[in-house]
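These notes concern the structure reproduced below.
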Amino acid sequence: MSYQTFRIFYMSISMNEKENFLSLWDFNKTFVCRYATPAFGCEIYEMVGIGAFFFGASIYSIYYFVNYNKKKKIRGKNYFFDQNAFFWLTLIVWELFRFLLSLIPFPYNSSSLKIVFVGLHHIFLFIPMCFLILIVCDLLFSYRNPGTNALFFFQCLSVLFFFTFIGIAIYISFYDIDIPDDPEATLSLWAACSDLIILVFFTYPAFRLLSAIKYPMIQPDQRGCIKWHTFGIIIFDILFFLRMLYNAAHYFEINGIQKWVNEHVNNGDFKPDQQARIWNFFFYFLFDCIPTLISIIAVIQLNHHDAMFNENPYYTHENE
Numbered sequence: 001m002s003y004q005t006f007r008i009f010y011m012s013i014s015m016n017e018k019e020n021f022l023s024l025w026d027f028n029k030t031f032v033c034r035y036a037t038p039a040f041g042c043e044i045y046e047m048v049g050i051g052a053f054f055f056g057a058s059i060y061s062i063y064y065f066v067n068y069n070k071k072k073k074i075r076g077k078n079y080f081f082d083q084n085a086f087f088w089l090t091l092i093v094w095e096l097f098r099f100l101l102s103l104i105p106f107p108y109n110s111s112s113l114k115i116v117f118v119g120l121h122h123i124f125l126f127i128p129m130c131f132l133i134l135i136v137c138d139l140l141f142s143y144r145n146p147g148t149n150a151l152f153f154f155q156c157l158s159v160l161f162f163f164t165f166i167g168i169a170i171y172i173s174f175y176d177i178d179i180p181d182d183p184e185a186t187l188s189l190w191a192a193c194s195d196l197i198i199l200v201f202f203t204y205p206a207f208r209l210l211s212a213i214k215y216p217m218i219q220p221d222q223r224g225c226i227k228w229h230t231f232g233i234i235i236f237d238i239l240f241f242l243r244m245l246y247n248a249a250h251y252f253e254i255n256g257i258q259k260w261v262n263e264h265v266n267n268g269d270f271k272p273d274q275q276a277r278i279w280n281f282f283f284y285f286l287f288d289c290i291p292t293l294i295s296i297i298a299v300i301q302l303n304h305h306d307a308m309f310n311e312n313p314y315y316t317h318e319n320e
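Going by the UniProt record's numbering, the letters in the sequence shown line up with residues 1 to 320, in that order.
Okay, here's the thing in structure tokens:
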């Protein structure tokens, strides 16, 4: 459509239709700014900090992913199912997705906000965390040495469960009830279940792996690393336990914090008031940024330890 054609079309629209269009845009802007809180277009500039974190994390993840592939080619190793590569790929997708959500005011309505901002938000974080669990279990299996058949069965079972759980989230996003005043409510139970899965299936293998590494003795150069790993696992567990409680309480309508946030979200003119904005910033920082950072550090350290173990299978290897 040329500019002249568009101008003729625009001039032919009645004044009432123009006012209706503008009022619809104002409503969408208010809805987007209150519930999606992007930095640009809504003057919520603290979200620039969240976006900057995920942009920087994505650049580092891309750099590490490229180096990982180079080292894999040098070693001549080609895996049918490389959970490390899948972890970095899905983590990069999550980081770039979260970077865009933090900055750009997409024209959401109630349904698309639930699907994109809520549903994909949880799914894209859930996926790399699942691969993190597989990486931990794979290294633990290296110590236990259950055999390639057992490892392949575990991977197939994990992938089947993974796709089933993701399918449930997609179904809920499209077909569950719609609550315009609280778009996150319908997916909050699924989010709580995903947090519980990550909490349980990461914590037990992670502590078992630490026990295997420490047996029969801790190498002198590993003492500080073991302490930091233990601290990281505890912080990771606390964050996902709090996420689980928050989402479960939200679904069962007993979350006083969420009710307080909803009240303050609607207090502003077209965006949340200052108290809600402060809460949103620290909520996203604690429950989006910190788990992402911990997962990056964990996989790098696990790859480093795996490389040492491959060079020397008796390096702190567990004797049974």
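Glycine residues also receive a C-beta, built at the ideal position from the N, C-alpha and C atoms.
| Query | Result |
| --- | --- |
| Are three or more beta carbon pairs between the segment 91–99 and the segment 58–75 nearer than 8 Å? | yes |
| Under 9 Å, do residue 101 and residue 38 count as touching if we go by C-beta distance? | yes |
| Exposed or buried, which one is residue 271 when buried takes at least 16 other CB atoms within 10 Å? | buried |
| Going by other Cβ atoms of all chains shown within 10 Å of its Cβ, with 16 needed for buried, is residue 300 buried or exposed? | exposed |
| Beta carbon of residue 41, beta carbon of residue 135: below 9 Å? | no |
| Less than 9 Å between the C-beta atoms of residue 123 and residue 166, yes or no? | yes |
| When you compare each of 31, 71, 50, 45 to residue 285 by their alpha carbons, which one comes out closest? | 50 |
| Quick one, which of 265, 52, 54, 295 has its alpha-carbon nearest residue 36's? | 265 |
| Please return the same chain residues whose Cβ sits closer than 7 Å to the Cβ of residue 162, not counting the five positions on each side in sequence. | 130 |
| For the segment 196–208 against the segment 229–239, do three or more pairs of beta-carbon atoms, one drawn from each stretch, fall closer than 8 Å, so that the two count as touching? | yes |
| Is the Cβ-Cβ distance between residue 292 and residue 96 less than 9 Å? | no |
| DSSP on residue 215, reduced to helix/strand/coil? | coil |
| Among 29, 30, 34, which has the Cα closest to the Cα of residue 276? | 34 |
| Suppose contacts are defined by Cβ-Cβ distances below 9 Å. Is residue 229 in contact with residue 298 by that definition? | yes |
| Any idea what DSSP makes of residue 186, helix, strand or coil? | coil |
| Please report the Cβ distance between residue 108 and residue 99, rounded to the nearest whole angstrom; I am assuming they are in contact, meaning their Cβ atoms lie under 8 Å. | With a Cβ gap of about 17 Å, residue 108 and residue 99 do not count as contacting. |
| To the nearest angstrom, how far is the alpha carbon of residue 114 from that of residue 185? | 9 Å |
| Considering only their Cβ atoms, is the gap separating residue 189 from residue 262 smaller than 9 Å? | no |
| Can you grab the Cα-Cα spacing for the pair residue 260 / residue 193, in whole Å? | 24 Å |
| Please work out which residues of its chain come closer than 6 Å, Cβ to Cβ, to residue 214, disregarding the five sequence neighbours upstream and downstream, and give them in chain order. | none |
| In the DSSP assignment, the alpha helix (DSSP H) including residue 101 goes from what residue to what residue? | 83–103 |
| Taking residue 143 and residue 52 to be in contact with their CB atoms under 8 Å, please state how far apart those CB atoms are, rounded to whole angstroms. | Not really, about 39 Å apart at Cβ, beyond 8 Å. |
| Which value, in whole angstroms, describes the spacing of the CA atoms of residue 138 and residue 170? | 28 Å |
| Assuming residue 112 contacts residue 296 (C-beta within less than 8 Å), just tell me the rounded distance between them. | The pair is not a contact, with the Cβ atoms about 30 Å apart (cut-off 8 Å). |
| Would you mind working out which of 255, 32, 29, 47 sits nearest residue 278, comparing C-alpha positions? | 47 |
| Return the CA-CA distance between residue 70 and residue 86, expressed in angstroms with no decimal places. | 15 Å |
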